[in-house]
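Mapped onto the numbering used here, the consecutive letters of the sequence shown carry residue numbers 1256 to 1381.
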Amino acid sequence: MKKGLLLIVLFLGITLGLLAQSVPQGMNYQAVARDVNGKVLSNEAIQLKISLLADGPSGKTMYSEIHEVVTSQLGLFNVIIGEGMAGLGDFTEISWGSHEVWMDMALETDDEYISIATTRLLSVPY
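Here it is in structure tokens:
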């Protein structure tokens, strides 16, 4: 009886431990917003379009989203990629291991998005 109860408790403990190992569905991103002349955009509401591209800076868009943020006095802003207003695709269905993933950051100006940076995403130790 004691052995059976111990096995059940052990099984439940291991199972709950495995379920607690979920991966967060988002990435922190922080940057300083500047205009085309390099002037810091301090205390301004800006709109960003973030696109995740497959296999290069001009690759197919796997996912895109829009963030509306207000910059700090220093022009700093923070977003969590994966938690914006989704435009194309599903963040949870990105095939990270099948493609090189590139991120394009575009700033909305005059009702259009202008790409300001495109970088390859690489893994980091967790």
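Using N, Cα and C, we set each Cβ at its ideal position, and we do this for glycine too. The structure presented is a predicted model; accordingly, all values stated were derived computationally and were not measured.
Three-state secondary structure (DSSP) of residue i
i	result
G1259	helix
E1320	strand
E1363	strand
I1335	strand
T1347	helix
Per-residue burial, residue i [other beta carbons within 10 Å of its own, 16 or more giving buried]
i	result
K1304	buried
V1356	buried
M1383	Outside the displayed span of the chain (1256 to 1381) sits residue 1383, for which this structure offers no information.
S1319	buried
I1336	buried
G1339	buried
S1378	exposed
D1359	buried
S1306	buried
Spatial neighbours of residue i in its chain, beta-carbon cut-off 7 angstroms, leaving aside the 5 residues before and after
i	result
I1369	A1361 and L1362
G1314	L1308 and W1357
T1347	Q1280
Bridge-paired residues (DSSP) for residue i
i	result
S1306	S1319 and D1359
A1286	F1332
S1370	A1361
V1295	R1289
V1325	A1300
8 angstroms Cβ cutoff, residue i in contact with chain C
i	result
D1345	Here chain C cannot be found, since the structure has a single protein chain.
Own chain residues within Cβ distance below 6 angstroms of residue i, not counting five before or after
i	result
D1310	H1354 and E1355
M1282	I1336
Contacting residues, own chain, Cβ-Cβ under 8 angstroms from residue i (five flanking each side not counted)
i	result
S1327	S1297 and N1298
Q.
Taking 8 angstroms as the cut-off, does the segment 1324-1333 touch the segment 1279-1291 (at least 3 CB pairs, one atom from each stretch)?
A. yes
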